[in-house]
Amino acid sequence: MIPLSWYLAVAAILFVIGFYGVLSRRNAIAILMGIELMLNAVNLNLVAFWRYTQPDQVAGQVFAIIVITVAAAEAAVGLALFIALYRLRGTVHIDEIDLLRG
Amino acid sequence: MTLQDFMPILPEMVLLATAVAVLMVDTFLGDKRWLTWVGLVGVLLAGAATYWLALQPPADFQDMAASDAYTAFFRLVILVVTGLGLLMAMNWLEAHGEQQGEYNALLLLAAIGMTLMAAATHMLTLFVALELFSLCLYILAGFERERASSGEAALKYLLLGAFSSALFLYGIALVYAATGALTFAGIAQKASLSPLFLAGVGLLIVGFGFKVAAVPFHMWTPDVYQGAPTPVTAYMSVATKAAAFAAFVRLFVGTLGVEKSAWVPALAALAVLTMVVGNLAALSQHSLKRMLAYSSIAHAGYVLVGLAAANTTGTAAVLFYLLVYAFMNLGAFAVVIALERQGEGDVTLSQMRGLARTHPLLAAAMAIFMFSLTGVPPFAGFFGKLYLFQAAVQANLTWLAVIGVISSAVSAYYYLNVLVQIYMADPETPPTLAWRPVLGLATLVAVVFVVGIGLFPDFWLQLALGGMRVILG
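Here the protein sequences come in this chain order: A and B. Counting from 2, one number per residue, gives the positions in the first sequence under the working numbering. Counting from -19, one number per residue, gives the positions in the second sequence under the working numbering.
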């Protein structure tokens, strides 16, 4: 069987890639994709921990399913807001969305 | 599962039914103002359910959420804030022609998430509750779709909120890995200072830091508070704080209390940064909403002092302060709503000039809120700060209390500057007022509580102590 640490390493790498995406991307949709990567890294972690530490309980698995659901809701709300803003400003580049500052 | 099992979350069920009812009634009702009253009846019923539950022995919902004196305290705070939030938005929605049904329903759904935050005793409940109220607030922040700054606020709030949720979630996963448990009780049993556990706790602090707007996780706050519609800003500035701190205290002081030494220094450092940066940044603001945003950051810092003290008096002071802060900040925002000009979504300091001459009552209300936010006796804000700093001294964190007192002295400058503008400056143009009876009612309630809690602080402190005894035994 593949050791637990491999899963955790993959999850950590995925998380850091997502993190980097959030910090480096300027397009709101790309940032949202980075956040999705981070959430999926957490899912991987949860399922791996569940499988290796307490496979007789479903808590970790259920948590992962609920995270997927919440991520979907978040993406739906996020994209709706982006579209509403795009109609007004014609862009979702966060460098150009700068009415509020100071 | 029987119906009886749902009793511990009865107030949330009532709120859910109300939110659905508001959406249904919206479809066939001509006069949309009734929606506010439907929502308000729901909030009152949920309040009655909370009171009834408080008289019952403590119960829990499938090990997911607990209904005890602590939950009851926060349910009452959040329900009162939600009721006032509905009232404050009523005239505003009418004047701006926004959809009242969706607004009221979203506000009620956010309230469910917030009360569940206080009740949560399982990481899953905590996460879902956090996301529930966050998602509602993202939408509410962008509710004024015609105004670009509202959309911008929503975008920034969503991106940073989702980002912080991801960090928070990673923290939960690491704590789960270290302890093998997701219930708070299980985590408390297995808590140990392993690297995995500490990393998890660190990420949880970051996640909570974002939600309560602690420095250095506060970057979103000024922009979101300034850009969001003012009634939404008013609601989220107080309700989000109460909800996030409710879970913060239960999880850290209650569950992770045994490993106090690991997180108290981190929270003390956060408290110092938050108080100092919040107050200094507020000094140079011209927009009233932005100033109140930085002031709310500073207030999160004061509350963190009580959390860092991590004793019974400190955490009871946290509860007391959140209650007091809810009324004084909502009141201040109610005045901003009254002064706001159509389509601008913001009020500058110079717009307040000479308000006392044209509207003496409103000016007096604003004076009470500003004095209370500064911490001038006999208003409620004074006792809130007194209890917090007292607890810090008891916990051998005197230096923290000293920094708190100094930074709150700095805050007097910008709060009293508002009063100088109102009472001493001559108006350039007379302040125009969107003053309506319902908004006046909300302001009056806030004034009554700010003065009332200031005159009888002991009753409310005992209530907070009763809540804390559940957590700390």
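Cβ coordinates follow ideal geometry from the N, Cα and C atoms, glycine included.
{"Item": "When the cut-off is 8 Å and only beta carbons count, does residue 42(B) lie next to chain A?", "Value": "no"}
{"Item": "Counting only beta-carbon separations shorter than 8 Å, does residue 119(B) have a partner in chain A?", "Value": "yes"}
{"Item": "Once the 5 residues before and after residue 44(B) are set aside, which same chain residues still bring their CB inside 6 Å of it?", "Value": "102, 105"}
{"Item": "If the cut is a Cβ gap below 8 Å, which residues of chain A does residue 104(B) touch?", "Value": "60, 63, 64, 67"}
{"Item": "Using a Cβ-Cβ cut-off of 8 Å, state whether residue 79(A) counts as contacting chain B.", "Value": "yes"}
{"Item": "Looking only at its chain, what residues have a beta carbon closer than 6 Å to the beta carbon of residue 116(B), apart from the 5 residues adjacent to it on each side?", "Value": "86, 89, 90"}
{"Item": "State yes or no: is the C-beta of residue 121(B) within less than 8 Å of the C-beta of residue 52(B)?", "Value": "no"}
{"Item": "Whose C-alpha, out of 370(B), 133(B), 92(B), -15(B), is nearest the C-alpha of residue 289(B)?", "Value": "370(B)"}
{"Item": "Would you verify that the beta carbon of residue 92(A) is, or is not, closer than 8 Å to some beta carbon of chain B?", "Value": "no"}
{"Item": "Does DSSP put residue 41(B) in a helix, a strand or coil?", "Value": "strand"}
{"Item": "Between residue 454(B) and chain A, is the shortest Cβ-Cβ distance under 8 Å, so that the two count as touching?", "Value": "Limits of chain B in this structure are -19 at one end and 453 at the other, which puts residue 454(B) out of reach."}
{"Item": "Using only the alpha-carbon positions, how far apart do residue 240(B) and residue 233(B) sit?", "Value": "8 Å"}
{"Item": "Note down, one range per segment and in chain order, each beta strand (DSSP E) of at least 3 residues found wholly within the region 328 to 395 of chain B.", "Value": "none"}
{"Item": "Alpha carbon to alpha carbon, what distance is there between residue 87(A) and residue 132(B)?", "Value": "10 Å"}
{"Item": "Is residue 436(B) buried or exposed, if buried means 16 or more other CB atoms sit within 10 Å of its CB?", "Value": "exposed"}
{"Item": "Which residues in the same chain have their Cβ closer than 7 Å to the Cβ of residue 266(B), if we skip the five residues on either side of it in sequence?", "Value": "328, 329"}
{"Item": "Taking C-beta pairs closer than 8 Å, name the residues in chain A that residue 135(B) reaches, listed in chain order.", "Value": "29, 82, 83, 86, 93, 95, 98"}
{"Item": "State the CB to CB distance for the pair residue 287(B) and residue 247(B), rounded to an integer number of angstroms; the pair is presumed to be in contact (CB under 8 Å).", "Value": "6 Å"}
{"Item": "Using only the alpha-carbon positions, how far apart do residue 130(B) and residue 52(A) sit?", "Value": "44 Å"}
{"Item": "Classify residue 300(B): buried if its beta carbon has 16 or more other beta carbons within 10 angstroms, exposed otherwise.", "Value": "buried"}
{"Item": "Can you pull the chain A residues whose beta carbon is under 8 Å from the beta carbon of residue 203(B), in chain order?", "Value": "101, 102"}
{"Item": "Jot down the residue ranges of each uninterrupted alpha helix (DSSP H) in the region 64 to 110 of chain B, minimum 4 residues, whole runs only, in chain order.", "Value": "80 to 99"}
{"Item": "Starting from residue 93(A), trace the alpha helix (DSSP H) in both directions and tell me its first and last residue.", "Value": "First-last for residue 93(A): undefined, no H or E at that position."}
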